[in-house]
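What follows is a set of notes on a single structure, which appears directly below.
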Amino acid sequence: MNSSSSPEPSVERSLTLNFVGDWGQANFHRICSWLTQEFCDRAGPRSRVGIWNIRGGGIEALQQVHDGEAQLCIATPAGLLPSALTGEGVFASTGPMPSLRSLAILPQRDRMMFAIHPRFGVKSFADLHRVKPALRIATSAHDGTNFIGYVAMRILEAHGITKEVLESWGGSFVLTTRPEQAIENMSIGNADAVVQEAIMTPWWRELMEHQHLVPIPMQADAILSLRNQHGFQPASIRAGFWKSNNNIKEIPALEFSDFLVLVREDLPDDVAYLLTWCLVEKRKAIEAQYKHLEPERSPLTYPLDPVAMAKPLHPAAERYYRDAGHIKN
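Be aware that the sequence shown starts at 600, since it is given in this note's numbering, and climbs by one per residue.
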């Protein structure tokens, strides 16, 4: 139990809510399970919360909340999600979702990167264009639902690798939905290169340290183009993050960090306040589920900092952060 910096709220009436997590076995479901228990402990006696899974790449979770089918979802990366309000970028196919509001950011240090099998002798995108190998690139599908697929294709396009260019080299895309599926295709030899996130996972470590994949640094001009066109933020992977890259300098990559907890603007204030209170005041319970991992190897970066979490758009969430002293002005 963590000591509370804000009086414990409750909701006397019984509520039935639906949360949207992930595909069923990843971090969003774990977070939703923690949050449902803490919430229902403080709501009416017949309260219950269902946790729904997704089948696509996650954008549908935001649509379900915006359309009122569910009351809360979690999505990543946080940097892309403000454009959901206007229907730009990755949300061009869904249209604007102006009713979405956030309760908190949950920190998660992640990167999107590109890596290739060492047999090609390629160490840069310049090498790639010179050699023109018949690569099979594993990544997530750009199908209108998938954040990963959208970002992966933008990265490759910014470096001059379109579907047409890849096919002209005799290559192809090997497309799936989830990160571990793309990594598995690389592991079993169905692909020669991979563009993915979740770099802290054992799957990536296995590829980098045992198959000795070569991380391909993103070019400065491409990163600038991505930042100017799409608002993507540059990032890097530290030297030595994997044993196999101890002799490689910091690797330029793309930011793919942080989970955003989203609701609708018309979620009742007492419900939004209680959910936000649970997210912050009971954070030790979710941190404990990741402490067997080093913070930089954890899918949820701990310790959770309430000040950093305080990025709300829902007015009741903002009121909680002010009541608890996490927002000063």
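By construction, the Cβ of each residue, glycine as well, lies at the ideal position given by its N, Cα and C atoms.
These numbers come from a predicted model, not from an experiment.
Option nearest residue i by Cα separation, candidates the options
i, options, result
"residue 831", "754, 613, 658, 741", "754"
"residue 674", "859, 778, 810, 908", "859"
"residue 633", "650, 721, 646", "650"
"residue 884", "630, 782, 741", "630"
"residue 889", "855, 862, 902", "902"
"residue 762", "616, 827, 699, 733", "733"
"residue 802", "773, 815, 779, 620", "779"
"residue 626", "825, 799, 666", "799"
"residue 886", "923, 905, 869, 871", "905"
"residue 612", "624, 640, 623, 646", "646"
"residue 868", "700, 853, 677, 721", "700"
"residue 894", "805, 709, 666", "709"
"residue 609", "882, 924, 876, 681", "876"
"residue 606", "811, 880, 925", "880"
"residue 730", "698, 767, 713", "767"
"residue 785", "739, 760, 660, 824", "739"
"residue 689", "777, 656, 918", "656"
"residue 866", "837, 914, 897", "914"
"residue 665", "723, 770, 619", "619"
"residue 783", "805, 861, 818, 819", "805"
"residue 654", "721, 856, 624, 691", "624"
"residue 829", "679, 648, 722, 769", "679"
Where the alpha helix (DSSP H) containing residue i begins and where it ends
i, result
"residue 615", "Careful: residue 615 lies outside any alpha helix (DSSP H), inside the beta strand (DSSP E) at 615-619."
"residue 764", "762-767"
"residue 725", "724-730"
"residue 808", "801-809"
"residue 742", "That residue, residue 742, is in no alpha helix (DSSP H); it is neither H nor E in DSSP."
"residue 824", "819-829"
"residue 920", "914-922"
Cβ pair residue i, residue j closer than 7 Å
i, j, result
"residue 822", "residue 835", "no"
"residue 707", "residue 899", "yes"
"residue 614", "residue 642", "yes"
"residue 741", "residue 749", "yes"
"residue 813", "residue 789", "no"
"residue 658", "residue 744", "yes"
"residue 793", "residue 751", "no"
"residue 617", "residue 669", "yes"
"residue 842", "residue 808", "yes"
"residue 725", "residue 704", "no"
"residue 693", "residue 663", "no"
"residue 687", "residue 747", "no"
"residue 811", "residue 717", "yes"
"residue 702", "residue 874", "yes"
"residue 852", "residue 712", "yes"
"residue 622", "residue 777", "yes"
"residue 815", "residue 736", "no"
"residue 916", "residue 871", "yes"
"residue 919", "residue 926", "no"
First and last residue of the uninterrupted beta strand (DSSP E) at residue i
i, result
"residue 735", "735-739"
"residue 834", "833-836"
"residue 815", "813-815"
For residue i, the three-state DSSP class (helix, strand or coil)
i, result
"residue 754", "helix"
"residue 632", "helix"
"residue 771", "strand"
"residue 789", "coil"
"residue 780", "helix"
"residue 794", "strand"
"residue 612", "coil"
"residue 910", "coil"
"residue 905", "helix"
"residue 843", "helix"
"residue 747", "helix"
"residue 626", "helix"
"residue 637", "helix"
"residue 717", "helix"
Beta carbon proximity, residue i to chain B, threshold 7 Å
i, result
"residue 786", "This model lacks chain B altogether; it includes just one protein chain."
Jot down the residue ranges of each uninterrupted alpha helix (DSSP H) in the region 850-897, minimum 4 residues, whole runs only, in chain order. 868-880, 882-886
So within the region 640-714, which uninterrupted alpha helix (DSSP H) runs reach at least 4 residues, ignoring any that extend past its ends? As far as the region 640-714 is concerned, its whole alpha helix (DSSP H) runs of at least 4 residues are 658-665.
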